[in-house]
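What follows is a set of notes on a single structure, which appears directly below.
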Amino acid sequence: MQNNHHQWQPACDGGEKPFKAMSGHTLIYMWCPATGEHAYYNMSSDLFLNNREAHIHMWGDVDSEEYNNV
605 MQNNHHQWQP
615 ACDGGEKPFK
625 AMSGHTLIYM
635 WCPATGEHAY
645 YNMSSDLFLN
655 NREAHIHMWG
665 DVDSEEYNNV
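Per our numbering, residue 605 is the first one in the sequence shown, and the count goes up by one each step.
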């Protein structure tokens, strides 16, 4: 995810809703129209998450080789 200051909005045309992840944190899937990027935003810590971090919040520990190489 790029480090930028563009306007982000909830994905799915604004229809994406926050949810409580397995970690207990509240996440929401976001979209940046200026770049076309999607990312999970952690509303509990006020931080955007990379895919590995989001996966850990949602499903616990990451065992997949795909995430261990990040």
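Ideal Cβ positions, reconstructed from N, Cα and C, are used throughout, including at glycine.
Option in M626, H610 and E620 with minimal Cα separation from W663: As a position in the sequence shown, residue 663 is number 59, starting the count at 1. For the residues M626, H610 and E620, the minimum Cα distance to W663 belongs to M626.
Please report how far the alpha carbon of A638 lies from the alpha carbon of G628, in whole angstroms. The residue given as residue 638 occupies position 34 in the sequence shown. The residue given as residue 628 occupies position 24 in the sequence shown. So the alpha carbons of these two residues sit roughly 30 Å apart.
Can you tell me whether L651 is buried or exposed? The criterion is at least 16 other CB atoms within 10 Å of its CB, across all chains shown. Sequence index remark: in the sequence shown, residue 651 carries index 47 (1-based). Residue burial is scored here from C-beta neighbours: L651 has fewer than 16 other C-beta atoms within 10 angstroms and is therefore classed as exposed.
Which whole-angstrom value is the C-beta distance of L631 and N655, which I expect to be below 8 Å? For the purposes of this step, residue 631 is taken as the residue at position 27 of the sequence shown. For the purposes of this step, residue 655 is taken as the residue at position 51 of the sequence shown. So it is not a contact: roughly 12 Å between Cβ atoms.
Based on DSSP bridge pairs, tell me the residues matched to I632. By one-based count along the sequence shown, residue 632 stands at place 28. Partner(s): Y645.
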